[in-house]
Amino acid sequence: MPSVITVTADDLALPLEEQVVRTSTALDMHGHLVALAPAEADDPARRRMHTVRSALEGDRIAIVPLALPPLARTLLGEQLRQLSGTDLGPGVLAGAARLLSYYLHSGALLASVSKLDRVPVSVGSHVKSLVPGRHFAVIAHPEPYLGEADAEHVPPGPGYQTQLAVAGNGLDPGWVAGPLAAAWRTQHLREVPLPPDSARWWGTSRLVEFTAYIADVGMLYQLVTSVRRDTCTWCGLEVIGDQCLFCATRINDRGNPAKHAARPPGTAVETPRRPQLEPHKR
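Counting from 454, one number per residue, gives the positions in the sequence shown under our numbering.
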């Protein structure tokens, strides 16, 4: 079955040669690999993963860029690893990363927003962050939100049942475990380690990062299997979405599945060409 990894700054601690060997071993064991990477094209960890993919010269690695905070990306990887034990193929699993990201509500409790660039920050909020004792509630996904953290003002949350994962450093998580969890009707509060990229992503090392997520693998499976599937015309994988994330082939003929079914005698059939990745994705 395919494997799923989350690309983080920790990957840069390994020599390139060792990471190539480890990735090659994972491919031998699992067949396909889905790598969840930061959305920024110039992110060093993401660029390293593209280098590894190029070194192995294969279409069995799907690098999926996601504009998610680190904890949300980690939990999404966990969800996909659960789904990899079902009958979903690698192409569907890679496409499910983008689909399931819409069902994550992710943010953080911050002591300062002076270096925050992930959501719009007003001048007033910048000034307030200079006052000791002020805490800010920030939602980065699915919709940006910034406000002071208190019991009367809680950002909007998911309208369905979720669990809440919490990871912190240097701040009291009481507001997250109390008013936020109650307002979001959290079924279960789960403490997890803070991801290595969180301090850089949020612009401060003093934070409590949180993400509401669907923990029921049966519900996740229903969400994924409710989406239309197509077959990639290049590599033959079953996929969801408008592109095969392994070989980069676009799924363009949804409305005309029998495009080549009936051709006049003697008409040449176009031979498909191997899709080309953009330079930074090689």
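Yeah, the Cβ is synthetic: ideal placement off N, Cα and C, and Gly gets one too.
Practice item. For Val574, name the three-state secondary structure that DSSP assigns. Key: In this structure, Val574 counts as coil in the three-state DSSP scheme.
Point to revise | 9 Å Cβ cutoff met for Leu624 and Val591 | key: no
Check your understanding: With which residues is Gly621 paired in a DSSP beta bridge?
Key -> Val661
Point to revise | Contiguous alpha helix (DSSP H) assignments of at least 4 residues, all confined to the segment 462–544 | key: 469–483, 497–509 and 523–536
Review point. Is the distance from the Cβ of Pro522 to the Cβ of Ser651 below 9 Å?
Key: yes
**Study point:** Residues bridged to Ile458 [DSSP beta-bridge criterion]
**Key:** Paired residue(s): Ala488.
Practice item. Drop a sphere of 10 angstroms on the beta-carbon of Thr639, count the other beta-carbons inside from all chains shown, and report buried for 16 or more, exposed for fewer. Key: buried
Exercise for review: Would you please state the rounded distance, in angstroms, between the beta carbons of Leu557 and Leu546? I believe it to be under 8 Å.
Suggested key: Leu557 to Leu546, Cβ: 17 Å. No contact.
Check your understanding: How many angstroms separate the CA atom of Arg475 from the CA atom of Leu489?
Key -> The straight-line gap from Cα to Cα measures roughly 17 Å.
Review point. Are the segment 593–601 and the segment 612–631 in contact at 8 Å, needing three or more beta carbon pairs?
Key: no
Exercise for review: Please classify Glu662: is it buried, with 16 or more other beta-carbons within 10 angstroms of its beta-carbon, or exposed?
Suggested key: With 16 or more other CB atoms across the displayed protein chains lying within 10 angstroms of its CB, Glu662 is buried.
Check your understanding: Under the three-state reduction of DSSP, which class applies to Leu642: helix, strand or coil?
Key -> strand
Exercise for review: Verify the CB distance criterion: does His503 have a CB-CB separation below 9 Å to chain C?
Suggested key: Here chain C cannot be found, since the structure has a single protein chain.
**Study point:** Cβ neighbours of Arg703 in the same chain (closer than 6 Å, five flanking residues each side left out)
**Key:** Gln696
**Study point:** Backbone CA spacing between Val574 and Val566 [nearest angstrom]
**Key:** 7 Å
Practice item. Could you tell me the boundaries of the beta strand (DSSP E) in which Ala590 lies? Key: Phe589 to His594
Check your understanding: What does a CB cutoff of less than 8 Å around Ser554 pick up in its chain, not counting 5 residues either side in sequence?
Key -> So the qualifying residues of the chain are Leu519, Leu521, Ala525, Leu529 and His594.
Review point. For the alpha helix (DSSP H) that contains Ser559, what are its first and last residues?
Key: Here Ser559 belongs to no alpha helix (DSSP H); instead the beta strand (DSSP E) covers His558 to Leu563.
Practice item. Measure the CB-CB distance between Ile693 and Gln614 and report whether it falls below 9 Å. Key: no
Point to revise | Assigned exposure category for Leu469 - 16 Cβ within 10 Å defines buried | key: exposed
Review point. Could you give the distance in angstroms between the alpha-carbon of Val629 and the alpha-carbon of Leu562?
Key: 7 Å
Check your understanding: Using a Cβ-Cβ cut-off of 8 Å (strictly less than) and excluding sequence neighbours within five positions of Ser505, which residues of its own chain qualify?
Key -> The residue asked about is misnamed: residue 505 is Val in this sequence, not Ser. Here the set comprises Leu469, Gln472, Val473, Thr476 and Ile514.
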